[in-house]
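Chemist: So in the numbering used here, spot 234 of the sequence shown is number 249, and the numbers just go up one at a time. Beta carbons are placed, not taken as given, at the ideal position from N, Cα and C, and that holds for glycine. One structure, as structure tokens, below. Some questions next.
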Amino acid sequence: MALTTYTAVGNREDLSDIITNISPTETPLYSMFGKATAKATYHEWIEDSLAAPGTNAMVEGANYPIADPQTRVRKGNYTQIFAKGYGISETQEAVLKAGIKSEIAYQMQKAMKEIARDVEYAIINNTAAVAGNATTARQMGGIQAFVITNVLANGGSPRALTETLLNDGIQQAWQAGGNPDVVVVSGKNKRTVSSFTAGVTKTVAAEDKKLVSTVDVYESDFGLVRIVADRWMPDSKVFILEKGRFKIAYLRPFKQQEIAKVGDRIERVVVGELTLEVRAEKANAIIADIA
16 MALTTYTAVG NREDLSDIIT NISPTETPLY SMFGKATAKA TYHEWIEDSL AAPGTNAMVE
76 GANYPIADPQ TRVRKGNYTQ IFAKGYGISE TQEAVLKAGI KSEIAYQMQK AMKEIARDVE
136 YAIINNTAAV AGNATTARQM GGIQAFVITN VLANGGSPRA LTETLLNDGI QQAWQAGGNP
196 DVVVVSGKNK RTVSSFTAGV TKTVAAEDKK LVSTVDVYES DFGLVRIVAD RWMPDSKVFI
256 LEKGRFKIAY LRPFKQQEIA KVGDRIERVV VGELTLEVRA EKANAIIADI A
């Protein structure tokens with residue numbers, strides 16, 4: 016009987032050097048927003064506005080009208096500490112591994128990607144800022160904690176996302192003084208927006224301005240807006256944003272730190288502290304209660 020692989024001894028294992036990881040790592044909002052610097056755990060900024068326009072006509076020779084200046088508004092957000100760490104044994108770092116040379120370096124790369132996803136999740140889903148105390152972690156307020164003027168809700172009753180509803184949200188933000196340029200949607204709502212074809216609506220590709228079936232840029236009555244699909248967006252909401260109004264303010268930029276060695280293992284942590292700065296929240300809108 017011929018020798019077969021079932022009984023042979025010494026055949027080498029066939030293990031690919033490619034490690035597959037399909038977990039999504041995109042963080043559209045975290046990557047899109049500009050950067051700023053925080054100097055305290057409560058980061059503040061000041062907002063001002065112009066008086067409403069009206070008739071402005073003076074009688075010849077009359078005294079100048081003097082009005083009291085509007086009071087500027089002071090706003091702020093708490094910084095949130097993000098940390099992710101891993102530990103491996105010294106032996107695991109030393110043995111020959113498939114696909115990687117250093118286990119601890121590989122795990123740290125994963126940690127940094129995971130933290131970025133956690134920041135994106137907080138930007139979208141944190142509905143309130145939390146001051147924190149000795150036993151409660153500080154938590155930054157996300158977009159939903161600040162955009163409160165232009166919220167198109169339906170009393171908690173789900174309704175379909177329509178082209179009219181999207182335009183209502185864009186108009187409301189524009190009417191308040193904003194120039195929205197980004198609409199953030201879930202994957203489900205991205206497909207809905209891609210189906211909008213009513214009236215004189217145009218769907219255009221960001222580069223060539225040709226009609227396409229998938230909407231990358233939507234031409235509304237109030238200007239072009241990019242349609243951005245975000246994996247962490249809930250199906251029940253749509254964000255209409257002027258991206259220049261948002262900043263990520265770092266109190267402590269992310270960095271890798273070594274943990275004090277207390278055994279036959281290697282431990283590292285990635286840690287940083289930041290908050291979301293939202294200037295002129297009236298320039299943005301949220302469509303809520305989407306079925």
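(1) What is the DSSP secondary structure of F237, counted as helix, strand or coil?
(2) Could you give the residue range of the beta strand (DSSP E) that holds Y101?
(3) Secondary structure at R206, three-state DSSP: helix, strand or coil?
(4) Quick one: which unbroken alpha helix (DSSP H) runs of 4-plus residues sit fully inside the segment 126 to 212? Chain order, please.
(5) Got a sec, what are the start and stop residues for the beta strand (DSSP E) E291 sits in?
(6) Go through its chain and collect everything with a Cβ distance to A168's Cβ below 8 Å, but skip five positions before and after it.
(7) Am I right that E118 and K112 are in contact with their C-beta atoms under 8 Å? What's the rounded C-beta distance?
(8) Around the C-beta of P80, are 16 or more other C-beta atoms found within 10 angstroms, so that it is buried, or is it exposed?
(9) Ends of the beta strand (DSSP E) at Y265?
(10) Out of L176, L289, F211, A295, point me to the one whose CA is closest to S201's CA.
(11) Spatial neighbours of D133 within its chain, please: CB distance less than 8 Å, with the 5 preceding and 5 following residues excluded, ordered by chain position.
(12) Mark V94 as exposed unless 16 or more other C-beta atoms lie within 10 angstroms of its C-beta, in which case mark it buried.
(13) With DSSP as the reference, identify every bridge partner of G91, one or two as the case may be.
(14) Report buried or exposed for G287, applying the criterion of at least 16 other Cβ atoms within 10 angstroms of its Cβ.
(15) Going by other Cβ atoms of all chains shown within 10 Å of its Cβ, with 16 needed for buried, is D236 buried or exposed?
(16) I need the DSSP call for L65, collapsed to helix, strand or coil.
(17) Who are the Cβ neighbours of K11 in its own chain at under 6 Å, not counting the five residues just before and after it?
(18) Consult DSSP for I242 and reduce its assignment to one of helix, strand or coil.
(19) Under 8 Å, do E296 and F161 count as touching if we go by C-beta distance?
(20) Can you name, in chain order, every residue of its own chain whose Cβ lies under 6 Å from the Cβ of T179, other than the five neighbours on each side?
(21) Whose C-beta lies closer than 6 Å to the C-beta of V215 among residues of the same chain, with five residues either side of it excluded?
(22) Return the CA-CA distance between E250 and I242, expressed in angstroms with no decimal places.
(23) Please report how far the alpha carbon of A131 lies from the alpha carbon of Y45, in whole angstroms.
(24) For a quick check, are the C-beta atoms of V88 and E59 less than 8 Å apart?
(25) Can you tell me which of A152, I301, K276, Q272 puts its alpha carbon nearest to the alpha carbon of F254?
(26) Which residues bound the beta strand (DSSP E) around L256?
(27) Going by CA-CA distance only, name the one from T151, E75, S64, D183 that's closest to P84.
(28) On the criterion of 16 or more Cβ atoms from any shown chain inside 10 Å, does K270 qualify as buried, or is it exposed?
(29) May I have the straight-line CA-CA distance separating I158 from P68, to the nearest angstrom?
(30) Mind checking M155: buried by the 16 CB within 10 Å criterion, or exposed?
(31) Could you tell me whether the Cβ atoms of N317 and L256 are closer together than 8 Å?
Modeler: In terms of the structure at hand:
(1) Looking up residue 237 in the sequence shown gives position 222. Reduced to three states, the DSSP call for F237 is coil.
(2) Numbered from 1 along the sequence shown, position 86 holds the residue referred to as residue 101. Element bounds for Y101: 95 to 104.
(3) In the sequence shown, counting from the first residue as 1, residue 206 sits at position 191. Correct three-state label for R206: helix.
(4) 158 to 161, 178 to 190, 202 to 209
(5) What you label residue 291 is simply residue 276 of the sequence shown in a count that begins at 1. Correcting the residue identity first, residue 291 is Leu in this sequence and not Glu. Residues 280 to 293.
(6) Reading the sequence shown from its first residue, position 153 is the one you call residue 168. Non-local beta-carbon contacts of A168 in its own chain, meaning distances under 8 Å to residues more than five positions away in sequence, involve A303, D304 in chain order.
(7) To locate residue 118, count along the sequence shown from 1; it is residue 103. To locate residue 112, count along the sequence shown from 1; it is residue 97. With a Cβ gap of about 6 Å, E118 and K112 count as contacting.
(8) The residue given as residue 80 occupies position 65 in the sequence shown. Burial call: exposed.
(9) If you number the sequence shown from 1, residue 265 lands on position 250. Looking at the DSSP string, the run of the beta strand (DSSP E) that includes Y265 is 261 to 273.
(10) Residue 201 sits at position 186 when you count from the first residue of the sequence shown. Nearest option by C-alpha distance: L176.
(11) Mapped onto the sequence shown, residue 133 falls at position 118. Within the same chain, D133 has close Cβ partners F97, K99.
(12) Here residue 94 refers to the residue found at position 79 of the sequence shown. The sequence given here places Thr at residue 94; Val does not occur at that position. Under this definition T94 is a buried residue.
(13) Position 76 of the sequence shown holds residue 91. Per DSSP, E59.
(14) For the purposes of this step, residue 287 is taken as residue 272 along the sequence shown, with counting starting at 1. The residue is buried, with at least 16 neighbouring Cβ atoms inside 10 Å.
(15) Position 221 of the sequence shown, counted from the first residue, corresponds to residue 236. By the neighbour-count rule (16 or more Cβ atoms within 10 Å), D236 is not buried but exposed.
(16) What you label residue 65 is simply residue 50 of the sequence shown in a count that begins at 1. If DSSP states are grouped into helix, strand and coil, L65 belongs with coil.
(17) The shown model of the chain, from 16 to 306, leaves out residue 11, and the question about it has no answer.
(18) Here residue 242 refers to the residue found at position 227 when the sequence shown is read from its first residue. If DSSP states are grouped into helix, strand and coil, I242 belongs with the strands.
(19) By one-based count along the sequence shown, residue 296 stands at place 281. By one-based count along the sequence shown, residue 161 stands at place 146. With contacts defined as CB atoms closer than 8 Å, E296 and F161 qualify as a contacting pair.
(20) Locating residue 179 in the sequence shown gives position 164, counting from the first residue. Here the set comprises nothing.
(21) In the sequence shown, residue 215 corresponds to position 200, counting from 1. Below a pLDDT of 50, predicted positions are generally treated as unreliable, and V215, at 39, falls in that range; no measurement from the model is reported.
(22) If you number the sequence shown from 1, residue 250 lands on position 235. If you number the sequence shown from 1, residue 242 lands on position 227. The identity of residue 250 in the sequence shown is Asp, whereas the question assumes Glu. Approximately 15 Å, taken between the alpha carbons.
(23) In the sequence shown, counting from the first residue as 1, residue 131 sits at position 116. In the sequence shown, counting from the first residue as 1, residue 45 sits at position 30. Distance between the alpha carbons of A131 and Y45 is about 8 Å.
(24) On the sequence shown, position 73 is the one that residue 88 refers to. On the sequence shown, position 44 is the one that residue 59 refers to. For V88 and E59, no; Cβs fall outside 8 Å.
(25) Here residue 254 refers to the residue found at position 239 of the sequence shown. Comparing Cα-Cα distances from F254 to each of A152, I301, K276, Q272, the minimum goes to I301.
(26) Position 241 of the sequence shown, counted from the first residue, corresponds to residue 256. Residues 253 to 256.
(27) On the sequence shown, position 69 is the one that residue 84 refers to. The option with the nearest alpha carbon to P84 is S64.
(28) Translated into positions along the sequence shown, residue 270 becomes position 255. By the neighbour-count rule (16 or more Cβ atoms within 10 Å), K270 is not buried but exposed.
(29) For this step, residue 158 is matched to residue 143 along the sequence shown. For this step, residue 68 is matched to residue 53 along the sequence shown. For I158 and P68, the distance between alpha carbons rounds to 29 Å.
(30) The residue labelled residue 155 in the question sits at position 140 within the sequence shown. It is buried - the Cβ of M155 has at least 16 other Cβ atoms within 10 Å.
(31) With the chain covering only 16 through 306, there is no way to say anything about residue 317.
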